[in-house]
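Protein chains in written order, with full-length UniProt numbering: chain C, 1 to 310; chain V, 1 to 296. Positions of the beta carbon are idealized from the N, C-alpha and C atoms, including for glycine. Here the structure is a predicted model, which means the values were calculated and not measured.
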């Protein structure tokens, strides 16, 4: 300590260390700008600028060429009174209900089991659950198309061996959503398992030992100890997956093309349909309505978590 | 609790634990089987004669294994060019992300400067936006720059991912300030601090980011379809998706079985390199995510 005071007091003795100290302070002030600048430059050009452009576009009737006419809130009021928009949002909401509870519960159970260091084959499981996550989505979607084919698919072939009839997995509006939900669950659950594992790591093993001695069942330990202790990680996963479900686009685009009868036209796919028709203004407005929905849901979840904390 | 004898309480415990492990092993094995089955099925079926994939989807006869699906697929679509394009994008975009994202994150985490919070807030907002929102203006931008069907268009937009900066900031914020101050006293300059102190400390998370980045770029599909759909510029995923559209689009002169065979062959070819990379690096990836975690 005395040494530090000493060096701070002494620079007046010789000019060179003082100048060096000045220069290093100056460098330290300049440094963050230099570090952040490349990111900000790319981010501003290809992130912020297009975002603002879209915002402006959402108030015009622009169709990709010619002059854009300012139409005020017309695109928004049109969408809010449009059946297609609401059915796409409700399709996404149904998918959310089919996916999220199952995914969080399943991932939590898997993560709790894998958190046990003495579990055999532990690293095999960790890799196996992540295989679907790293598989290219387009490849996965194609596998789904073939495996769930009504006439030639492997799944119906399995059903037939048990004497069960064919199911129109991708061709009936009753089954298309669950089949799509299954694809999403299969593809992303492994990633949620790893995220939850990271939360579980911070739980002290003694807590479980104490619960064991008290004779608490595994289920009660899960409900009373594990879930409260990882609730932040669970909430993070919930927000992340809510975002992903409402933005879901490529899965229905490749597997069902939104059909049958629009039953798998998700909010993300509906948005694309405007763009594809050249109706850019409406597409832009649709994007921002989607952002508002997702933000509202995220804030709701965060608020619920806060209430829980109190 | 107090009434139970010590002996009677102690004996059943080991049995209960082992029963639980057996049950959880069965549960996990069945579940991993379900997770691996579709991929395994696709890989095996790609080597079956095309008509057998359809007539007999559940059997695999090694004696009738064939490369027909692969040769037909290679003749049909420019998948080699797709690989090359993906590789070019991967190298440049990956390098930009892995260098500039942690660097910016370091600036955000360890320094104070005006507008810092506003800038970082903007980063968080873009995390909420669906990527499709940006596609129209980005495409117009590319048209104006004359970048449609170029590598720049595939590389630069999204090159420094907002999520990467957000994640790395969390990780770097956890690096103790004392470590940096000690290095400063030793005469380390600001950039050298990043290179010699920060980067080595966050290596596990950086490895995690590397795998995630490679995966995202390799699997990226929506933006390439829009901006680089020409045969010369098509990435691997774009090639795959055009093949997939053949199945619904009823291509003239090709039957369902042939296209399905080609499709599975193409999916296998696309899948295997990433699986190999992932299995080779899985330890880094998993530990990286575990290291850069949201606690509690």
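Requested in this report: Compile a chain-ordered list of the residues in the region 277-309 of chain C whose CB is closer than 8 Å to at least one CB of chain V.
Outcome: 280, 283, 284, 287, 288, 290, 291, 294, 295 and 298
Requested in this report: Measure the alpha-carbon distance for residue 92 of chain V versus residue 214 of chain V and round it to whole angstroms.
Outcome: 11 Å
Requested in this report: Closer than 9 Å, Cβ to Cβ, to anything on chain V: give me those residues from the region 162-190 of chain C, in chain order.
Outcome: 186, 189 and 190
Report task. Just the C-alpha distance for residue 261 of chain C and residue 244 of chain V, rounded to the nearest angstrom, thanks. Result -> 21 Å
**Report entry** Through-space distance from residue 48 of chain C to residue 118 of chain V, alpha-carbon basis
**Finding:** The alpha-carbon atoms of residue 118 of chain V and residue 48 of chain C are separated by roughly 13 Å.
Query raised in the report: With respect to the alpha helix (DSSP H) encompassing residue 114 of chain V, which residues constitute its N-terminal and C-terminal limits?
Result: Taken as a continuous stretch (DSSP letters only), residue 114 of chain V belongs to no alpha helix (DSSP H), as it is neither H nor E.
Query raised in the report: Counting along the chain, where does the alpha helix (DSSP H) carrying residue 195 of chain C start and finish?
Result: 173-200
Requested in this report: State buried or exposed for residue 237 of chain C, treating a residue as buried only when at least 16 other CB atoms are found within 10 Å of its CB.
Outcome: buried
Requested in this report: State yes or no: is the beta carbon of residue 126 of chain C nearer than 8 Å to at least one beta carbon in chain V?
Outcome: yes
Report task. List the residues of chain V whose Cβ lies closer than 8 Å to the Cβ of residue 153 of chain C, in chain order. Result -> 57
Query raised in the report: Using a threshold of 7 Å, is the CB atom of residue 67 of chain V nearer than that to any non-hydrogen atom of the ligand HEM?
Result: For the ligand HEM, the structure offers nothing, since it holds no ligand at all.
Requested in this report: Find the residues of chain V that neighbour residue 134 of chain C, judging by a C-beta separation of less than 7 Å, and give them in chain order.
Outcome: 215, 274, 275 and 278
Query - N- and C-terminal bounds of the alpha helix (DSSP H) containing residue 219 of chain C - result: According to the DSSP assignment, residue 219 of chain C belongs to the alpha helix (DSSP H) that extends over 218-221.
Query - Contact under 8 Å by Cβ, residue 79 of chain V with residue 223 of chain V - result: no
Report task. Assign residue 7 of chain V to one of three DSSP states: helix, strand, or coil. Result -> Confidence is the limiting factor: at residue 7 of chain V the pLDDT is only 43, short of 50, which leaves the residue's position unreliable, though a coordinate-based value still follows. In the structure shown, residue 7 of chain V sits in a helix (DSSP, three-state: H, G or I).
Report task. Put residue 86 of chain C into one of helix, strand or coil per three-state DSSP. Result -> helix
Query - Sheet register partners of residue 70 of chain C (DSSP bridge) - result: C:60
Query raised in the report: In chain order, which continuous runs of the alpha helix (DSSP H) of length 4 or greater are located wholly inside the region 24-67 of chain V?
Result: 50-55
Query raised in the report: Once you ignore the five residues that flank residue 312 of chain C on each side, which residues in its own chain have a CB closer than 7 Å to its CB?
Result: Nothing can be reported for residue 312 of chain C, as the shown portion of chain C is limited to 1 through 310.
Report task. Go through the region 113-148 of chain V residue by residue and report every complete run of the alpha helix (DSSP H) that reaches 4 residues or more, in order. Result -> 116-128 and 135-145
Report task. Flag this pair as touching only if the region 202-214 of chain V and the region 276-291 of chain V have three or more C-beta atom pairs under 8 Å; answer yes or no. Result -> Touching, yes, given that three or more Cβ pairs across the two stretches are closer than 8 Å.
**Report entry** For residue 35 of chain C and residue 235 of chain C, the rounded distance between their alpha carbons
**Finding:** 32 Å
Requested in this report: Use the C-beta contact count for residue 179 of chain V: other C-beta atoms within 10 angstroms, 16 or more gives buried, fewer gives exposed.
Outcome: exposed
Requested in this report: Below 8 Å CB to CB, which residues in the same chain sit around residue 166 of chain C once its five sequence neighbours on both sides are set aside?
Outcome: 150, 151, 156, 159 and 160
Requested in this report: Have a look at residue 299 of chain V and residue 61 of chain V and give me their C-alpha separation to the nearest angstrom.
Outcome: Because chain V is modelled from 1 through 296, residue 299 of chain V falls outside the range shown and cannot be assessed.
Query raised in the report: Comparing the C-beta of residue 135 of chain V with each C-beta of chain C, is any distance below 8 Å?
Result: Cβ-Cβ to chain C under 8 Å: yes for residue 135 of chain V.
Query raised in the report: Are there 16 or more other CB atoms within 10 angstroms of the CB of residue 275 of chain C, so buried, or fewer, so exposed?
Result: buried
**Report entry** Local conformation of residue 93 of chain V per DSSP, three classes
**Finding:** helix
Query raised in the report: Quick one: Cα of residue 50 of chain V to Cα of residue 202 of chain C, how far?
Result: 51 Å
Report task. Check whether the region 165-179 of chain V touches the region 100-118 of chain V, taking contact to mean three or more Cβ pairs, one atom from each stretch, closer than 8 Å. Result -> When C-beta atoms of the region 165-179 of chain V are compared with those of the region 100-118 of chain V, three or more pairs fall below 8 Å, so the two segments count as touching.
Query raised in the report: With distances taken between CB atoms, is the gap from residue 70 of chain C to residue 60 of chain C smaller than 8 Å?
Result: Yes, Cβ-Cβ distance for residue 70 of chain C and residue 60 of chain C is below 8 Å.
**Report entry** Whole-angstrom C-beta distance between residue 196 of chain C and residue 233 of chain C, which should lie under 8 Å
**Finding:** 6 Å
Query raised in the report: Where does residue 136 of chain C sit, in a helix, a strand or coil, going by DSSP?
Result: coil
Requested in this report: From the DSSP output, in three-state form, read off residue 203 of chain V for me.
Outcome: helix
Report task. Could you tell me which chain B residues have their CB closer than 7 Å to the CB of residue 241 of chain V, listed as they occur along the chain? Result -> Considering every chain present, this structure includes no chain B. Its protein chains are C and V.
Query raised in the report: Helix or strand or just coil, what does DSSP make of residue 297 of chain C?
Result: helix
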